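In our numbering, each number is its position in the sequence shown, counted from 1, plus 129. Every residue gets a Cβ at the ideal spot worked out from N, C-alpha and C, and that includes glycine. A quick note: this is a predicted structure, and the numbers were derived from the prediction, not measured.
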Amino acid sequence: MRFARLAGLSGIGFVLLLLGGNLLLVSAGFPDPSAATAPDEIASAVADASAALRRTSTLLPAAWLLATIFAAGVFTALRRHDRTTGDGWAVVGLAGILMQCVAFAAVGASRLAVAAAATHDPGAVAGLWALHNALFGFNQVFLATALLGLSVSGRRAGLVARWHAAVGAAGAALLFLSATTSPYGVDGDNPFALAGLIGWLLWLVWIVAYSLRLIRDVDPPTGDTDPSATPATASGTTTTTSGAPATTPGAP
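This is how it looks when you write it as structure tokens:
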């Protein structure tokens, strides 16, 4: 299997794991990080959802592995174009996804810490929950970075369509707004929490669209000349035919 297809399948697998894990947590009654909830209510809800939390936490290592493979596949597809043009947007996007994996590892660890405190030391729940909310909020800036970098690079390379790049730009803006205002939601309602949720959903749509593009294994334009062009060496002068450049058409 070509790495591009493996990366595309990994991206879809990553999305499925995220959706499945979040649905399991919601159905178990895990508290909403963006809602203002009393510490005793948080402790009770987290204690009740601790079994579901542990089950979903076992999915996280696989999700991070799949996200990394997806990011590497996108970066590989865009690298030649960035080298030709001197752009660094693909690197920005790759860094965003890798940093998101690191940041969400901290989010996952803080959730398990809250669950342990809810069972053994309820007095520590308020502080740990505030730490969780802060990490969860700031984590969104790395999603925004990935969306921005890989959308700009993909569009310039002709790997993604205009609508796909627009989804990435919209998601990046909403997630950045939510991350910027997240300090106001550490111990209360974040007025822009809905923007973060919409941005996260756009992020999932964006990943699926990019994954399908990789599975189709359509290379972006490289700017290389047509290999069928034959040089003529008459009189010591080199010329080429006027054939079209050998580039793959970009996405519609």
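Segment contact: the segment 194 to 204 against the segment 157 to 169, fewer than three CB-CB distances shorter than 8 Å; contact not assigned. Taking 8 Å as the cut-off, the Cβ atoms of Gly328 and Ser282 do not count as close. Under the three-state reduction of DSSP output, Ser139 falls in the helix class.
Taking Leu260 as the centre and dropping the five residues before and after it, the same chain places the C-beta of Ser239 closer than 7 Å to its C-beta, in chain order.
By the Cβ rule, the segment 136 to 147 counts as touching the segment 327 to 345, because three or more pairs are nearer than 8 Å. Taking a cut-off of 8 Å on C-beta distances, the segment 308 to 315 touches the segment 268 to 275, as three or more cross pairs fall below it.
For the pair Leu227 and Val243, the CB atoms are not nearer than the 8 Å cut-off. Spatial neighbours of Gly217 in its own chain (CB-CB distance under 8 Å, excluding positions within 5 residues in sequence) are listed in chain order as Asp211. Counting of Cβ neighbours within 10 angstroms places His249 among the exposed residues, the total staying below 16. Ala176 has its alpha-carbon roughly 32 Å from the corresponding atom of Leu303. Ala196 has its alpha-carbon roughly 36 Å from the corresponding atom of Gly252. With 16 or more other Cβ atoms from the protein chains shown falling within 10 Å of its own Cβ, Trp332 counts as buried. 8 Å or more divides the Cβ of Phe233 from the Cβ of Ala219. When the beta-carbon positions are compared, Val315 and Val144 stay at least 8 Å from each other.
With a beta-carbon spacing of about 5 Å, Leu264 and Val236 fall inside the 8 Å limit used to define contacts.
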